[in-house]
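A short write-up of the structure that comes next.
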Amino acid sequence: MTKIAVLGANGQVGAELCLILANHRDVEVVPVCRNRAGSAFLRYHGLRCRHGLPADPAQAAAL
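Sequential numbering from 4 applies to the sequence shown in my numbering.
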């Protein structure tokens, strides 16, 4: 299974991309958002989001 992280997943394009990728059986989508509030829409649709700032080296490793 291919795992794809989508940075900026709470934006209009990122959210649509996550929803489309989530419909593919051979893809595991990992939405990455800065905070929980921004990921509410994706979590509502059953996606497990990761939260943090990719630009911060301490947080990026955990994403």
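Ideal Cβ positions, reconstructed from N, Cα and C, are used throughout, including at glycine. Predicted model only: the values in this text are computed from it and were never measured.
Item, Value
"Buried/exposed call for Val-35, threshold 16 Cβ in 10 Å", "buried"
"Cβ distance (whole Å) where Arg-53 is taken to contact Val-32 below 8 Å", "Actually they are not in contact, since the Cβ atoms of Arg-53 and Val-32 sit about 11 Å apart, beyond 8 Å."
"Spatially closest choice to Asn-38 from Val-30, Leu-24 and Gln-62, by CA coordinates", "Gln-62"
"Sequence-distant residues of the same chain with beta carbon closer than 7 Å to Asp-29, five excluded per side", "Met-4 and Thr-5"
"Inside the region 29-64 only - beta strand (DSSP E) runs reaching at least 3 residues", "30-36"
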